[in-house]
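Residue numbers (the UniProt record's numbering), protein chains in the order written: chain A, 1 to 650; chain B, 1 to 426.
What follows is a set of notes on a single structure, which appears directly below.
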Ligand SMILES: [Zn+2]
């Protein structure tokens, strides 16, 4: 027995060691990843980010150098309070900031670099460059930042921000402190614009000093520059749209129907894209984002879902013709509204009666469209099936779903179908009379301005559209074929002509005759949308939204447009004038209806927007007085020329 | 001449081959761990690995010398060798050179020699000599005390020179004594004391005392002859509590701060996160780096000279005490288990040969060799992987350094010589 003690102990120890080694090297060991090896320093070489040009080749976004102060907490040498004070003065931060930033960086990782003070100004950099050596553990990292050559189109261009932790976890490309597109084109074309950063692997020693290239640099890569992109936006038209939108809230989306290219994409109020560059970016972004009254970061052209109102009537006319429930010439009577038995389901305004389709559209008669809509729904055995057929037609115009395009934000809108009302009222416990609001674009139907612009583009094209998109050209690449393939609606081409004629008559003799543009055949449709807000939990009505959709010229249209102005009252009052001006600007290149332009520039809705927050009782619609501004912006001083003028003051 | 050749073949070639494998593999790892800049030649004497190659060359000369002595010589001169070794240790107090706070080196020109590495085989010889004396009986207190003195003298001298790691090695002789007749009760007491010490530090004296009381009561209840045993059990209990208290006291006041911290880290005693963080940067720094290097090697390692942590010299003392972490990083689990298996085979082989010896001197000495190798192997690799507290002793035949390599070579090859001679003893 005595012979066995050492023998068994030796074998036991051998087994324990092998078990421990198995645990350390095999069981607990994930595959070797050089990026997680802290013996290898990874030095990134950031490529030039691609430039952005507008459709006319005007440079919108370029780059400028930026200098970040980085810190590796473990290497920070202890500083006395005087030194810290000097350092803080150089960086223009407080002592408290210093402690917080250092703690945050240490918390992230004591041995990896973290941004300490990002994006120094050139002046601060020049001073600090001389002295940074005194502060061990800190160094300056040169990076490239965006430089906006314009101060329009913040919502179009978007911005860059530091990549967040979650993205880093999901995408191995990014490391802490990298910039990534956060909104707009910067976000949707991030991979095209950013290029691929180069990397150098350097062997470190335990004192963090570089020894030399790892594996003789065979694993190193060179940066691949980002590609330049040309977007479909016409920056002059965009700037003009933003000028018109001053002192108003709303959105304008203009599309070239022949290609689906977005010509202008205006949201108001907007802000200067230069606000989101540099050190102040985070502060400015939060102020913009937290402004819950003006909501400047909310793109009203893409994200605001409203009941579209009267413009939607033309869709019902088209569906009626396609479903063969009405002819162009059939007339309906309007008795200042539509009556079901003795009950008035919807009102109307004063106009000649009875009227056929052309008059129905031009006069925007509610009764006419309720008749047509009820025939569509009631054509089938049950209302549910009728509603499904109706919804499919409407959806073929790009309504009721995401457009699935290259914009960073969007909303689906809503086209209700049979299931929707089955859920609302119970299976088959409803009929066409319950839902007549859909006939006139109210009720459950909702759409965003870009969907409405696309809808009129499809009408202008007599039955098809191209998915609205913002990319025109990528250096050395062809753009996605989904933007060059037409999407056909479910309505036969022959049915469009009478409807287009109706929209043309809106300008000739209907609700938009006073905003005609000489020499351009415009087809349009006015709309209004009632809206409500809760003030101290009381549902309160506000002045109606002003809506207008149009395309021009009548044949082979060059522009399709939707304009939406919050609380602008009737369609022709704000939205219609703005649409006409945008069309004239695009087609003629200059404005002849200077009277309309001056009216828009001198009239503000800012007082209207203050009403719900004033705490006092207020009047709306016709009883409300319009605000006139004396010192108004004009195309000469806004917005390309005057760098300081922005809508949202911070 | 023929006789001479036959004699060569009597050496135990298995032991020699295992020795050569460890020596060779060790050399390549020292090269990885110690090279500075590009490796231009395997024989670059400006670099540490080149120097080690010279040590290896001298080792072979040393082996020839050891084997050329008659086996009887080692038994006859065991006491003289021991005496010389002890004098060399004592001489350090006068002529020694301070290196890293330990006064355990002689400087001869640019060379340094560490006599404690040679004291091990000398002590093993002396122990073998004393135990193999016909009049020695390991079950008597008198002989136990004398043989304890033989190992106590070098252990104390080395401890006084601030080399606590090498002192611990002398505990290896317990295996020898046990094999040669030391009573079972010593083994039980030794194991109990180790467990008791760990419990006292980890859970405190109160819990340890309660646990001890419960166990002692159970032992009492199962005892057949209970008469008079109560007092005996109470004394044991009192001793247990006193010992626990002593351990705690020694831990808190008797140890140097770094030793205390090493134990604290091993038993995870530190609760204050700030202090723990500080300890991780100082006392545990080597261990953390070494564990990371080993575990980053994975199954097959990063390849010879390809270890990023080894190249970056992340593990301090990597070519000496932490050489095993180089194996871990560059050769992976395949390499580390290979080294562990080599050591186990070598020790088991020496044990097997020791048991086969006809002379008691050879057997005891062989046992001493196996025990010393075993303790070095266990403490060094255990430490590098964080299984036991940090104790700085080299890995035999593997770590960089002339004294260590020669000390272990002499230790092993005296036994190879003794073993080759076993037939002649008839
Ligand atoms: Zn009517």
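Beta carbons: idealized from backbone N, C-alpha and C, even for Gly.
8 Å Cβ cutoff, residue i in contact with chain A
i             : result
residue 313/B : yes
residue 385/B : yes
residue 14/B  : no
residue 305/B : no
residue 11/B  : no
residue 1/B   : Unreliable placement is indicated for residue 1/B, whose pLDDT of 40 sits below 50; the coordinate value is still reported in the next sentence. Closer than 8 Å: no.
residue 344/B : yes
Below-8 Å beta-carbon distance, residue i vs any chain B residue
i             : result
residue 645/A : Caution applies to residue 645/A, whose pLDDT of 36 falls short of 50 and renders its modelled position unreliable; the value that the coordinates give is listed next. So no, residue 645/A is outside the interface.
residue 206/A : yes
residue 275/A : no
residue 3/A   : yes
residue 471/A : no
residue 17/A  : yes
residue 199/A : no
residue 641/A : Residue placement at residue 641/A is flagged as unreliable, the pLDDT there being 40, under the threshold of 50; the coordinate-derived value follows with that caveat. No, residue 641/A does not count as interfacial toward chain B.
residue 409/A : no
residue 32/A  : yes
residue 648/A : Interpretation of residue 648/A is limited by its pLDDT of 39, a score under 50 that renders its predicted location unreliable; the figure taken from the coordinates is listed afterwards. Not an interface residue.
residue 7/A   : yes
residue 37/A  : yes
residue 72/A  : no
residue 119/A : no
Residues of its chain near residue i, where Cβ-Cβ distance is below 8 Å and the 5 sequence neighbours each way are ignored
i             : result
residue 464/A : 458, 486, 487, 488, 489
residue 213/A : 200, 201, 202, 203, 220
residue 286/B : 315, 316, 317, 322, 390
residue 424/A : 430
residue 472/B : Examination of residue 472/B is not possible in this model, given that chain B is present from 1 through 426 alone.
residue 12/B  : 349, 353, 416, 419, 420
residue 144/A : 46, 48, 49, 63, 64, 65, 66
residue 613/A : 293
residue 69/B  : 417
residue 125/A : 67, 140
Sequence-distant residues of the same chain with beta carbon closer than 6 Å to residue i, five excluded per side
i             : result
residue 641/A : Residue placement at residue 641/A is flagged as unreliable, the pLDDT there being 40, under the threshold of 50; the coordinate-derived value follows with that caveat. Contacts found: none.
residue 16/B  : none
residue 354/A : 331, 332, 333
Span of the alpha helix (DSSP H), counted from its first residue to its last, around residue i
i             : result
residue 166/B : 164–169
residue 118/A : Premise fails: residue 118/A lies in the beta strand (DSSP E), 114–120, not in any alpha helix (DSSP H).
residue 105/B : Run containing residue 105/B: none in the alpha helix (DSSP H); it sits in the beta strand (DSSP E), 102–108.
residue 115/B : 115–132
Limits of the beta strand (DSSP E) - the one that residue i falls within
i             : result
residue 200/A : 198–204
residue 551/A : 538–552
residue 98/B  : 97–99
residue 560/A : 559–565
residue 40/A  : 40–45
residue 88/A  : Element bounds for residue 88/A: not the beta strand (DSSP E) but the alpha helix (DSSP H), 81–91.
residue 472/A : 471–474
Strand pairing of residue i, partner residues [DSSP]
i             : result
residue 304/A : Answer by DSSP bridge pairing: none, since residue 304/A is not bridged.
residue 420/A : Paired residue(s): none; residue 420/A is not in a bridge.
residue 68/A  : 141/A
residue 447/A : 306/A
residue 455/A : Note: residue 455/A sits in no beta bridge, so no partner.
residue 523/A : 551/A
residue 63/A  : 146/A
Sequence-distant residues of its chain with Cβ nearer than 7 Å to residue i (five each side left out)
i             : result
residue 245/B : 205
residue 329/B : 293, 294, 296, 297, 301, 302, 307, 309, 310
Near ligand 2: residue i beta-carbon under 7 Å from a heavy atom
i             : result
residue 192/A : Among the ligands in the structure shown, ligand 2 does not appear; only ligand 1 can be found there.
Chain E contact for residue i (CB, 8 Å cutoff)
i            : result
residue 22/A : Here the protein chains are A and B, and chain E is not one of them.
Item to check | Any heavy atom of ligand 1 nearer than 6 Å to the CB - residues listed | outcome: A residue is listed when its beta-carbon falls short of 6 Å from at least one non-hydrogen atom of ligand 1; in chain order these are 334/A, 348/A, 351/A, 365/A, 366/A, 367/A.
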